[in-house]
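J.: What follows is a single structure, and I will ask about it in a moment.
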Amino acid sequence: MAIIVNLDVMLAKRKMSVTELSEKVGITMSNISILKNGKAKAIRFSTLDEICKVLDCQPGDILEYRSDDESE
Numbered sequence: 001m002a003i004i005v006n007l008d009v010m011l012a013k014r015k016m017s018v019t020e021l022s023e024k025v026g027i028t029m030s031n032i033s034i035l036k037n038g039k040a041k042a043i044r045f046s047t048l049d050e051i052c053k054v055l056d057c058q059p060g061d062i063l064e065y066r067s068d069d070e071s072e
C-alpha cells in the first residue's frame, strides 16, 4: 500500500512556495518537506484541513492511494 502526497503539484498549481505554505499553515518547513518527500507516517486532520484551506483544494487533490502493484 502506498499513499502518494502530491503537495508539490498543488503548490505549483497555486504558484505558492513551500515557505509561504509553511507560514500560512503554521507548520515547520521540515514537516512540509517530510510530507512532500513522502516520508511522513501520518498527518493530523487539523494539518490537512489547514493545508486544504490555504491551497483551496480537497484532500484527494493532495493524497492519492496506489496499490502495491501500481507502485512497483
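Sequential numbering of the sequence shown, starting at 1, is according to full-length UniProt numbering.
In this text, a Cβ means the ideal position worked out from N, Cα and C, and glycines have one as well.
Using three-state DSSP, classify I4 as helix, strand or coil.
T.: Taken through DSSP and simplified to helix, strand or coil, I4 comes out as strand.
J.: Whole angstroms are fine: how far does the CA of N37 sit from the CA of E20?
T.: Cα to Cα, E20 sits roughly 18 Å from N37.
J.: Just to confirm, are D61 and M29 a CB contact at a threshold of 8 Å?
T.: no
J.: By Cβ distance below 6 Å, which residues in the same chain neighbour E50 in space, the five residues on each side in sequence not counted?
T.: Excluding sequence neighbours, E50 sits near V25.
J.: Here's a check: name, in chain order, each residue in its chain whose Cβ is nearer than 7 Å to the Cβ of L63, leaving out the five neighbours to either side.
T.: I3, V5
J.: Go through its chain and collect everything with a Cβ distance to D8's Cβ below 7 Å, but skip five positions before and after it.
T.: Same-chain partners within the cutoff: K36.
J.: Is it true that the CB of S22 sits closer than 8 Å to the CB of I32?
T.: yes
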